[in-house]
Amino acid sequence: MFNRIRFLTAGESHGQSLTVLLDGLPAGLSLSESYIGQQMSRRQLGYGRGGRQLIEKDWALITSGVRHGFTLGSPISMSIENKDWVNWTKVMSISKIDEEIKRVTRLRPGHADLPGTMKYGYDDVRNVLERASARETAARVAGGAVARRLLEHFGVEINSHSLSIGGVWASVSGPIDWAIVEKSPVRCVDEKAGKQMMMAIDDAKEMGDTVGGVVEVVAEGLPIGLGSHVQWDQKIDGRIAQALMSIHATKAVSIGDGWESVNRRGSQVHDVIEPVKDPTNSWIRKTNRSGGTEGGMTTGSALVARFAIKPISTLKNPLPSVDLDSGDLVQAHYERSDVCQVPPAGVIGEAMLSLVLADAFLEKFGGDSIAEISRNFEGYQKTVRPRNM
Ligand SMILES: Cc1cc2nc3c(=O)[nH]c(=O)nc-3n(C[C@H](O)[C@H](O)[C@H](O)COP(=O)(O)O)c2cc1C
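Each residue of the sequence shown is one higher than the last, beginning at 40 in the working numbering.
Structural data, given as C-alpha cells:
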C-alpha cells in the first residue's frame with residue numbers, strides 16, 4: 040500500500056510493549072516524543088471507553104532514527120509500554136510456564152476469535168484476541184504522528200470529528216471549529232447532538248450493550264496531484280480506503296459526498312472550477328463534493344473521508360455462542376471492554392490518513408532530506424496554475 044514508507048507494528052494487547060517501525064522518512068524533520076505523546080493521549084480520551092485507559096498512560100519511547108530533535112533518515116523505532124502487563128505476566132509469559140493458565144474458549148461473534156483460532160489451529164482464543172485487539176492502534180497513532188509531523192511541516196493539517204454515534208447524527212454546516220471537537224467528550228462539533236450521543240452510550244452501557252457510529256477525517260492544505268490515475272494501486276482514494284478500512288471494526292469507507300451523491304444528478308455532484316484571477320493562488324473550486332480527490336489524485340481541496348465503525352462485539356450482556364472445545368451452547372466470552380470506540384477511532388483515522396498522505400507526498404516530492412523535499416515541493420507549486428499565467 041505504501042510506496043516510500045514502510046510501517047509495521049508489533050505487540051499483544053497485554054504483552055510487555057508495542058513496537059513501531061517506520062522507515063522511509065527523510066532526514067532533518069524536527070520530531071520529539073512529546074509531539075507524538077500529544078497524539079497518543081488524544082487516542083486515550085473519549086466517552087464510553089473501558090477501564091483499560093485508566094491504567095495506561097501511553098508514551099512512545101523513540102529508540103532509533105532521531106538525534107538532537109531531528110530525524111536522521113534512518114529507520115525510526117518506538118516502544119510503547121503496556122502498563123497493564125504487570126497484571127498479565129503469567130498469562131502472557133514469553134517462556135513456557137508450568138502453571139496452568141485458564142484458556143479462553145467461549146467464542147465472541149463479531150471478533151477475530153473463531154476465524155483466527157481455526158486459521159492458526161489454536162486451542163486458546165487468547166492467542167488470537169491479544170493481537171486482534173485495538174490496543175494495536177496505539178502503535179498506529181505513534182507512527183501516524185511522525186507522518187503528521189512531515190505533512191505539518193509542509194502546511195497540511197489533519198483533523199477528525201464524530202458524525203454519528205448510536206444513531207444520533209450531528210448537524211454540521213460550514214467550517215468546523217476543531218477546538219470545539221477537541222473539547223467534546225465524544226469529539227462532536229454539534230454540542231446538542233454530542234449530549235444525545237453520550238446518552239446513547241449510557242443507555243447501551245446500562246443494557247450491557249455497545250454502540251458504533253461514523254467518523255469524518257479531514258486533511259487541509261494538500262497540494263494538487265498526490266496519488267495517480269495511471270495504475271489502480273496508485274490511486275489515492277483507494278489507498279485511503281484501505282488504510283481506513285484496516286482500522287478495527289470499520290465496515291464502510293466513503294470519500295466526499297460518497298453514498299449521498301448517487302441520488303443526485305451530475306450537475307449537483309461535481310465541483311465547478313473557478314476562473315483564476317490571482318496567479319499566486321492555485322486552482323479554486325466552487326464546492327468540494329468530491330472530498331478532494333479526482334482520478335485517484337488530490338485536487339488541492341480538503342481531503343474528506345468518512346468511515347463507519349460497527350458497535351464493539353465484546354458485550355457485558357453476551358450473545359449466545361459456542362464453546363471451542365465442546366461445540367455446546369454458551370454465552371460469549373466477556374472481559375473488560377469499551378462501550379463505544381468512535382471518539383478514539385477519529386484519532387486513529389487521522390493517523391492512518393497521515394501515513395497514506397505522507398507516503399504519497401514523499402513519492403511526489405521525494406528526497407533524502409527536508410531541504411531537498413522543500414526544493415521539489417516549492418518548484419512544483421509554482422507550476423500549478425493556468426499555463427499562460
Ligand atoms: C479504538 C478501538 C477500540 C476498540 N475496543 C474494543 C474493545 O474494548 N472490545 C472489543 O471487543 N472490541 C474493540 N474494538 C473493536 C475490535 O478490535 C474489532 O471489532 C475486532 O478486532 C474484530 O475486527 P473487525 O470488527 O474489523 O472484524 C475496538 C476498536 C477500536 C478502533
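For glycine and all other residues, C-beta sits at the position ideal for the given N, C-alpha and C. From a predicted model like this one, the values you see are computed outputs, not experimental measurements.
Whole-angstrom distance between residue j and residue i, CA atom to CA atom
i      : j      : result
Trp98  : Ser413 : 30 Å
Asp248 : Arg188 : 38 Å
Pro148 : Gln281 : 23 Å
Gly418 : Thr337 : 18 Å
Ala162 : Pro154 : First, the amino acid is wrong: residue 162 is Asp here, not Ala. Those two C-alpha atoms are separated by around 13 Å.
Leu190 : Ser393 : 7 Å
Asn51  : Lys349 : Residue identity differs from the one stated: residue 51 is Glu in this sequence, not Asn. Distance between the alpha carbons of Glu51 and Lys349: 22 Å.
Val395 : Asp276 : 10 Å
Glu255 : Glu138 : 47 Å
Arg142 : Val59  : 29 Å
Leu261 : Cys227 : 24 Å
Thr102 : Trp298 : 43 Å
Where residue i falls: helix, strand or coil (DSSP)
i      : result
Asp362 : strand
Arg174 : helix
Ile275 : helix
Arg324 : strand
Arg179 : helix
Thr156 : helix
Ala99  : strand
Trp208 : strand
Lys355 : coil
Lys135 : coil
Met428 : coil
Gly437 : Here the chain has residues from 40 to 428 only, and residue 437 is not among them.
Ser140 : Before going on, a small fix: residue 140 reads as Ile here, not Ser. It is coil, neither helix nor strand.
Val125 : helix
Val164 : coil
Gly297 : helix
Val228 : coil
Residues that residue i bridges to, as DSSP identifies them
i      : result
Glu259 : Glu196
Leu47  : Leu60
Leu342 : Ala258
Ile312 : Arg324
Gln370 : Pro359
Cβ separation of residue i and residue j, assumed to be a contact under 8 Å, to the nearest whole Å
i      : j      : result
Ile75  : Gly63  : About 17 Å separates the two Cβ atoms, so there is no contact after all.
Val315 : Arg424 : 6 Å
Nonlocal neighbours in the same chain, by C-beta distance under 6 Å from residue i, ignoring five residues either side
i      : result
Ser203 : Gly252 and Val253
Ser300 : Val308
Gly82  : The identity of residue 82 in the sequence shown is Arg, whereas the question assumes Gly. Here the set comprises Val180, Pro383 and Val386.
Gly264 : Met336
Ala347 : Val253, Lys290 and Ala291
Ala184 : Ile75 and Gln78
Close beta carbons around residue i, own chain, < 8 Å, minus the five adjacent residues each side
i      : result
Pro459 : Residue 459 falls outside the range modelled here, since the chain spans only 40 to 428, and no answer is possible.
Val167 : Ala151, Asp152, Gly155, Thr156, Tyr159 and Tyr161
Ser285 : Met391
Asp123 : His53, Arg91, Ile94 and Glu95
Same chain only: Cβ atoms within 7 Å of residue i, ignoring 5 sequence neighbours per side
i      : result
Arg179 : Thr48, Ile387, Ala390 and Met391
Met79  : Asp97, Trp98, Ala99, Ala177, Val180 and Ala181
Glu313 : Ile323, Arg324 and Lys325
Asn356 : Met246, Gly247 and Asp248
Val207 : Ala232, Gln235, Met236 and Ala239
beta-carbon residue i near ligand 3 non-hydrogen atom, thresh 7 Å
i      : result
Pro357 : Among the ligands present in this structure, namely ligand 1, ligand 3 is not found.
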